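Position one of the sequence shown corresponds to residue 78 (our numbering), numbered consecutively onward. Heads up, the beta-carbon is just placed ideally off N, CA and C, and yes, glycines get one too. Predicted model only: the values in this text are computed from it and were never measured.
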Amino acid sequence: MSLSAGSTPPAAAPRWTWLPHPHGEAAEPHARAWLAAELGDAGLQLVRDARQRPHLQPPHQGWDCNWSHSGERLLVALARGARVGVDLERLQRRPRALEIAQRYFTAREADWLAAQADRDLAFLRLWCAKEAVLKAHGHGLSFGLHRLRFEADDSSLRLVECDAELGAAQAWQLQEIAPGPGYLGALAWRPELGL
Numbered sequence: 078m079s080l081s082a083g084s085t086p087p088a089a090a091p092r093w094t095w096l097p098h099p100h101g102e103a104a105e106p107h108a109r110a111w112l113a114a115e116l117g118d119a120g121l122q123l124v125r126d127a128r129q130r131p132h133l134q135p136p137h138q139g140w141d142c143n144w145s146h147s148g149e150r151l152l153v154a155l156a157r158g159a160r161v162g163v164d165l166e167r168l169q170r171r172p173r174a175l176e177i178a179q180r181y182f183t184a185r186e187a188d189w190l191a192a193q194a195d196r197d198l199a200f201l202r203l204w205c206a207k208e209a210v211l212k213a214h215g216h217g218l219s220f221g222l223h224r225l226r227f228e229a230d231d232s233s234l235r236l237v238e239c240d241a242e243l244g245a246a247q248a249w250q251l252q253e254i255a256p257g258p259g260y261l262g263a264l265a266w267r268p269e270l271g272l
């Protein structure tokens, strides 16, 4: 599994960055500053929908963005012609990982997790992947973690089944990342014309 920030992402992958995020500060101003610099627009307009998902305003309607923060870090992503979602988590022990998976993940995912030597890491990989897709979709965790299922191959996770509201599972791309020591994240995106 390639998890380094220096790895080459697949074609059409979103741009992303990893920024300091002082505890207690709002993440949006930091995310907005990076997005404005990437798009060359100091007056960048951003609005949130009823579910609080951010959306870029004209002339950047062909772009999408998302961000996540954990601990003292912030992960921000920007994609053109795609819906993008991100999640970032600090690596730490998760003593209730299997219990949470059995309650909220699919049965196959819980079984896979139970068989993993490093259950904490495996749980976070699944959690980040699921949350990234659900944030891209726009509903977040309230949509239901059980409504999408990932499988692991030798090196990565891939979405194999999902609720029809999420579109076709094969349309989703996932990039797992370890942007820095002690953190794990995921970017999820699917092509979407006319964003």
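In terms of Cα proximity to Cys239, the closest of Leu264, Asp230, His223 and Thr94 is His223.
Proximity to Trp266 across Arg109, Leu123 and Glu208 peaks at Glu208, based on C-alpha coordinates. If you check the CB distance, Asp126 and Ser145 do not come in under 8 Å. Cβ-Cβ distances below 7 Å link Ala191 to Leu175 in the same chain, with the five nearest sequence neighbours on each side left out; the list follows chain order. Non-local beta-carbon contacts of Trp249 in its own chain, meaning distances under 7 Å to residues more than five positions away in sequence, involve Val210, Leu236, Ala265 and Arg267 in chain order. Residue Gly148 holds the alpha-carbon nearest to the alpha-carbon of Gly101 among Thr94, Pro136, Phe220 and Gly148. Taking each of Glu242, Ala199 and Lys212 in turn and checking the Cα distance to Phe227, the smallest one comes out for Ala199. Assignment of Glu115 by DSSP, reduced to helix, strand and coil, places it in the helix class. For Arg202, the enclosing alpha helix (DSSP H) covers residues Arg196 to His214.
Rounded to the nearest angstrom, the gap between the Cα atoms of Ser219 and Gly117 is 34 Å.
Straight-line measurement puts the Cα of Glu186 at about 37 Å from the Cα of Glu115.
Taking the C-beta atoms as reference points, Gly162 is found nearer than 8 Å to Lys212. Look at Gln122 here: in three-state DSSP terms it is coil, with no helix or strand label. A Cβ-Cβ distance of about 6 Å is found for the pair Leu225 and Leu243, placing them in contact under the 8 Å criterion.
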